[in-house]
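Step one of this worksheet: look at the structure below.
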Amino acid sequence: MIKRYLGACLLIILLSVSGGVAHAQMAATKADSVELAEQFYEIGQEILKSTKVVVQAREQFEMAANLDPNNIWANYMTGQTYLESVNKDRSAKYFLRVYQQDPKFRYDLLYSIGRGFQYGLNYEEALKYYNQYKQKTLSDVNYRGQDKIQLRDVERRIEECRNGLEYAKNPKHYAIVNISEKVNSIWPDYAPVLNEDETILIFTTRRQEDNLNENVDSDNFYFEDVFYSEKVNGEWTRAKNIKEPINDKYHNSNLALTADGNTLYLYRYDNGGDIFFSTKEKDGSWAYPQPLSDFINSSFAEKSISVSKDGNLMFFSSNRPGGLGGLDIYMSKKDKNGKWSRSENLGPNINTEFDDESPFIHYDGKTLYFSTRGRKGMGGYDIFKSVYDSTASQWTEPVNLGYPINTPDEDVFFVATKDGKRGYYASVRDDGQGYTDIYMVNFFPDGEEKPVLAQNQPQPKKEPENNKPAPKPEPKKEEPVQEQKIAEAPKAAAPAPVLMPVTLSIRIIDDETDLPLEANVNLRRLSDNQLAGKSAKGPGEYTFTTTQKQPVQMVLSVEKDGYMFKNFKITIPAATAEPQEISRNIELNRLQTGFTSVLRNIYFDFNQATFQKASYDELNKLERMLNENPDLVMEISGHTDNVGSKAYNKQLSLRRAQAVVDYVVQKGISKSRVSARGYGAERPIASNDDEKEGRMLNRRVEFKIIRKGGAVATQ
1 MIKRYLGACL LIILLSVSGG VAHAQMAATK ADSVELAEQF YEIGQEILKS
51 TKVVVQAREQ FEMAANLDPN NIWANYMTGQ TYLESVNKDR SAKYFLRVYQ
101 QDPKFRYDLL YSIGRGFQYG LNYEEALKYY NQYKQKTLSD VNYRGQDKIQ
151 LRDVERRIEE CRNGLEYAKN PKHYAIVNIS EKVNSIWPDY APVLNEDETI
201 LIFTTRRQED NLNENVDSDN FYFEDVFYSE KVNGEWTRAK NIKEPINDKY
251 HNSNLALTAD GNTLYLYRYD NGGDIFFSTK EKDGSWAYPQ PLSDFINSSF
301 AEKSISVSKD GNLMFFSSNR PGGLGGLDIY MSKKDKNGKW SRSENLGPNI
351 NTEFDDESPF IHYDGKTLYF STRGRKGMGG YDIFKSVYDS TASQWTEPVN
401 LGYPINTPDE DVFFVATKDG KRGYYASVRD DGQGYTDIYM VNFFPDGEEK
451 PVLAQNQPQP KKEPENNKPA PKPEPKKEEP VQEQKIAEAP KAAAPAPVLM
501 PVTLSIRIID DETDLPLEAN VNLRRLSDNQ LAGKSAKGPG EYTFTTTQKQ
551 PVQMVLSVEK DGYMFKNFKI TIPAATAEPQ EISRNIELNR LQTGFTSVLR
601 NIYFDFNQAT FQKASYDELN KLERMLNENP DLVMEISGHT DNVGSKAYNK
651 QLSLRRAQAV VDYVVQKGIS KSRVSARGYG AERPIASNDD EKEGRMLNRR
701 VEFKIIRKGG AVATQ
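Note that this note's numbering gives residue 691 to position 691 of the sequence shown, counting from 1, and the numbers run on in steps of one.
Here it is in structure tokens:
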């Protein structure tokens with residue numbers, strides 16, 4: 001690949017300096033351009049396959065498309081990779097080239113052209129191509145190709161464009177400002193949260209600078225870290241990493257900050273995605289993050305949260321079963337004992353069949369801001385607000401905040417100031433420094449003159465160059481030698497503080513009745529499987545104590561005959577001079593016909609059906625559950641995201657499901673009790689549009705109880 005790339009670069013340099021060559025050589029030059037374009041296209045494909053760095057691949061595709069505008073595949077891949085960038089609107093140009101040469105190149109080509117125009121706010125053109133595609137699907141009802149976009153999705157896009165036309169003709173009286181180059185970077189920056197007096201800003205970033213992990217993740221962005229900035233003399237200071245224990249070398253993202261700035265809520269991918277919290281110590285440092293109770297967290301994903309100023313209401317999003325579809329917003333109330341109640345879905349007044357995300361309850365305790373892919377939006381997530389009507393005991397019809405705060409792209413993580421005159425949120429806009437940036441919006445009453453702000457002027461979007469790590473900085477120059485001082489005699493060392501134990505209190509309950517359950521509960525260290533000391537406090541209540549000098553990752557295992565086992569990681573903070581206690585409720589699901597569960601801790605090598613070492617603990621628990629419940633008959637099903645062909649995904653998902661079946665059969669389980677099915681991408685549990693979290697959730701292995709005793713489940 002390197003030789004081919006260098007050869008292609010040399011050839012394009014030669015072509016670039018040959019402007020004075022005689023016209024007789026034009027034909028040869030054109031032929032060279034076609035050949036060179038093909039080489040750049042192949043390089044782009046190799047980059048995608050080997051590194052998946054979309055920015056680098058698109059550069060090659062675009063050079064190929066511009067050298068040879070008739071190269072259909074180069075134009076198509078340029079358009080596709082632009083749809084995965086901040087400059088999605090640029091895709092339309094290349095998709096149009098494809099359509100002009102071969103309208104039947106792909107079934108969904110008209111739809112792709114429409115998307116490019118929609119992102120560029122050209123709603124009339126977008127509607128033209130979406131409607132053409134809609135008519136095509138209505139006339140080709142028997143077509144079943146994987147490149148067919150469902151009619152429901154096309155109609156949603158058409159609705160978004162009509163909404164966009166309406167909002168653009170009636171823009172709101174806002175001034176939107178990129179918050180500061182001291183805060184934003186050329187990397188994704190998002191999820192701003194502030195204290196009540198607007199002096200502290202905390203946000204999530206995937207920048208390279210000051211990241212606790214020098215490596216990039218599989219998507220070629222750096223791992224998420226939480227940063228902060230302070231407002232001094234009305235200006236935001238240079239953002240800094242909040243450091244440990246909030247951040248570690250993996251993904252860490254903030255969700256909310258209480259009004260006093262003393263409690264920070266975080267998202268971590270533990271137990272399928274849970275909400276954690278950290279409180280500020282007397283010395284200003286942050287305590288080690290702890291998970292919220294199981295009345296808030298579940299075995300599904302909880303991805304955002306907001307707490308009322310008085311601390312008695314909590315709003316959060318989750319994709320748990322029982323919602324209206326996708327992510328829904330839930331509410332929990334704090335009782336007189338300071339405990340959070342079982343959460344309630346806010347219902348159809350707020351939630352939709354699409355994703356509803358990032359709630360923010362205002363300081364007035366009754367105005368709820370949130371983002372949704374449903375309702376009357378312009379595309380992607382739009383920000384809405386609703387006010388609780390205490391007389392009618394319900395939320396009012398949500399109102400779109402309108403244009404220009406909302407765009408056809410993703411507009412999320414909105415928080416408002418106490419006086420309601422300003423708001424902060426994350427968006428992809430023309431004047432951004434790169435990818436998602438944090439913006440401040442000033443709301444002006446109708447009739448008040450809106451100031452012209454230099455930051456509002458459109459600027460070219462930037463992307464991190466090739467998504468590659470920057471070169472290491474040069475070593476600092478040696479400082480001038482200072483005059484040496486006479487060393488003082490060493491003082492006697494202070495006695496080491498006595499470390500008080502960290503206590504983990506576990507309460508096991510039935511998920512339906514909330515009654516306590518006696519179970520087999522173990523806590524062991526992830527690094528060496530060493531068990532922690534355990535004692536029973538009462539029915540279904542267990543405590544573990546540790547005195548580790550450093551935070552340690554443990555694995556908590558819960559098993560009970562007749563119930564689904566649970567097996568997940570938990571981080572125990574370092575012991576200090578003060579005793580610490582962590583409390584957690586764990587709900588167990590009764591094993592019954594029709595019960596379905598994701599086997600969350602089974603890992604496969606990339607593109608393979610071979611288990612990674614970390615999978616065997618979960619596999620052994622599955623085998624033990626089958627042994628202890630001999631009347632269970634189950635289906636093991638494999639699932640993928642929508643990347644790759646339909647046939648390949650089905651085949652891969654079946655191989656992975658079969659690998660689980662083969663393992664338990666090898667351990668002595670009868671073949672008549674376990675069967676394998678591969679569903680490919682047919683049964684997603686999250687949106688594949690969410691390229692990180694959604695696709696990760698969809699790549700899974702599940703089991704479903706087909707029969708328990710005499711009862712048989714319907715498929």
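No residue lacks a Cβ here, since even glycine has one placed at the ideal position from N, Cα and C.
Point to revise | Paired residues, beta bridge with Pro-408 - DSSP | key: Paired residues: none, contrary to the question.
Review point. Does DSSP put Val-643 in a helix, a strand or coil?
Key: Under the three-state reduction of DSSP output, Val-643 falls in the coil class, being neither helix nor strand.
Practice item. Look at the alpha carbon of Val-54 and the alpha carbon of Glu-587, and state the distance between them as a whole number of angstroms. Key: Rounded to the nearest whole angstrom, the C-alpha separation of Val-54 and Glu-587 is 42 Å.
Check your understanding: What is the C-beta distance between Val-387 and Lys-366, in whole angstroms, given that I count them as a contact (C-beta under 8 Å)?
Key -> Their Cβ separation, rounded to whole angstroms, is 6 Å, which keeps Val-387 and Lys-366 in contact under 8 Å.
**Study point:** Tyr-222 beta carbon less than 8 Å from that of Ala-239
**Key:** no
Review point. Can you tell me whether DSSP reads Asp-389 as helix, strand or coil?
Key: strand
Practice item. Kindly indicate which residue of Arg-584, Asp-283 and Asn-211 has the alpha-carbon position closest to the one of Leu-719. Key: Examination of residue 719 is not possible in this model, given that the chain is present from 1 through 715 alone.
Point to revise | Touching by the beta-carbon criterion (3+ pairs, under 8 Å), the region 81-101 and the region 110-126 | key: Cβ pair count under 8 Å is three or more, so yes.
Practice item. Name the one or two DSSP bridge partners that Asp-356 has. Key: Thr-372
Point to revise | DSSP three-state assignment for Arg-707, whether helix, strand or coil | key: Strand, per DSSP.
Point to revise | Backbone CA spacing between Ser-653 and Lys-621 [nearest angstrom] | key: 21 Å
Point to revise | Rounded straight-line distance, which links the Cα of Tyr-267 to that of Gln-394 | key: Gln-394 and Tyr-267: Cα-Cα distance of roughly 29 Å.
Practice item. Would you check if there are 3 or more beta carbon pairs closer than 8 Å linking the region 273-280 to the region 294-310? Key: With contact defined as three or more Cβ pairs closer than 8 Å, the region 273-280 and the region 294-310 are in contact.
Check your understanding: Excluding the five sequence neighbours on either side, which residues of its own chain have a C-beta within less than 6 Å of the C-beta of Ala-532, listed in chain order?
Key -> Leu-523, Phe-544 and Thr-546
Practice item. Look at the alpha carbon of Phe-804 and the alpha carbon of Thr-81, and state the distance between them as a whole number of angstroms. Key: Nothing can be reported for residue 804: it is not among the residues displayed for the chain, which extend from 1 to 715.
Point to revise | Whether Phe-40 touches Met-77 by CB criterion (8 Å) | key: no
Exercise for review: With Ala-256 as the anchor, note down where its beta strand (DSSP E) starts and where it stops.
Suggested key: 253-257
Exercise for review: Let me know if Asp-60 comes out buried or exposed under the rule of 16 or more other beta-carbons within 10 Å of its beta-carbon.
Suggested key: The sequence given here has Gln at residue 60, not Asp. Buried, since its Cβ has 16 or more Cβ neighbours within 10 Å.
Exercise for review: Mind reading off the beta-carbon distance from Tyr-107 to Gly-164? Whole number of angstroms is fine, and I expect it under 8 Å.
Suggested key: Between Gly-164 and Tyr-107 the Cβ distance is about 25 Å, and since that is not below 8 Å, they are no contact.
Point to revise | Straight-line Cα distance separating Tyr-603 from Phe-611 | key: 6 Å
Practice item. State the Cα-Cα distance for the pair Gln-658 and Tyr-288, rounded to the nearest angstrom. Key: 41 Å
Practice item. Measure the C-alpha to C-alpha separation of Asn-698 and Pro-684 and round it to an integer number of angstroms. Key: 5 Å
Check your understanding: Which residues mark the beginning and the end of the beta strand (DSSP E) in which Glu-541 is found?
Key -> 541-546
Review point. Can we say the region 423-430 touches the region 393-412, given the rule of at least three CB pairs closer than 8 Å?
Key: Verdict: yes, contact present.
Practice item. Identify every run of the alpha helix (DSSP H) within the region 234-322, keeping only runs that are complete inside it and at least 4 residues long; order them along the chain. Key: Counting whole runs of 4 or more residues, the region 234-322 contains no alpha helix (DSSP H) stretch at all.
**Study point:** Residues of its chain near Thr-396, where Cβ-Cβ distance is below 6 Å and the 5 sequence neighbours each way are ignored
**Key:** So the qualifying residues of the chain are Ser-386, Val-387 and Asp-389.
Practice item. Could you give the DSSP three-state label for Glu-84: helix, strand or coil? Key: coil
Review point. Leaving out five residues before and five after Asn-262 in sequence, what residues of the same chain have Cβ atoms less than 7 Å from its Cβ?
Key: Thr-279 and Lys-280
Check your understanding: Expressed to the nearest angstrom, what Euclidean distance is found between the alpha-carbon atoms of Ile-43 and Leu-127?
Key -> 35 Å
Check your understanding: Got a sec? Which residues, its chain only, sit under 7 Å from Phe-568 by beta carbon, not counting five neighbours each side?
Key -> Asp-270, Asn-271 and Leu-556
Check your understanding: Ile-570 lies in the beta strand (DSSP E); which residues open and close that run?
Key -> Its beta strand (DSSP E) spans residues 566-572.
Review point. From which residue to which residue does the alpha helix (DSSP H) around Ala-676 run?
Key: From DSSP, Ala-676 is part of no alpha helix (DSSP H) but of the beta strand (DSSP E) over 674-678.
Review point. At what residues does the beta strand (DSSP E) containing Thr-137 begin and finish?
Key: Thr-137 -> not in any beta strand (DSSP E); alpha helix (DSSP H) instead, spanning 123-139.
Exercise for review: Using only alpha-carbon positions, find the residue among Arg-375, Glu-623 and Gln-553 that is nearest to Phe-384.
Suggested key: Arg-375
Review point. Mind checking Glu-357: buried by the 16 CB within 10 Å criterion, or exposed?
Key: buried
Exercise for review: Reducing DSSP to helix, strand and coil, say where Glu-518 ends up.
Suggested key: coil
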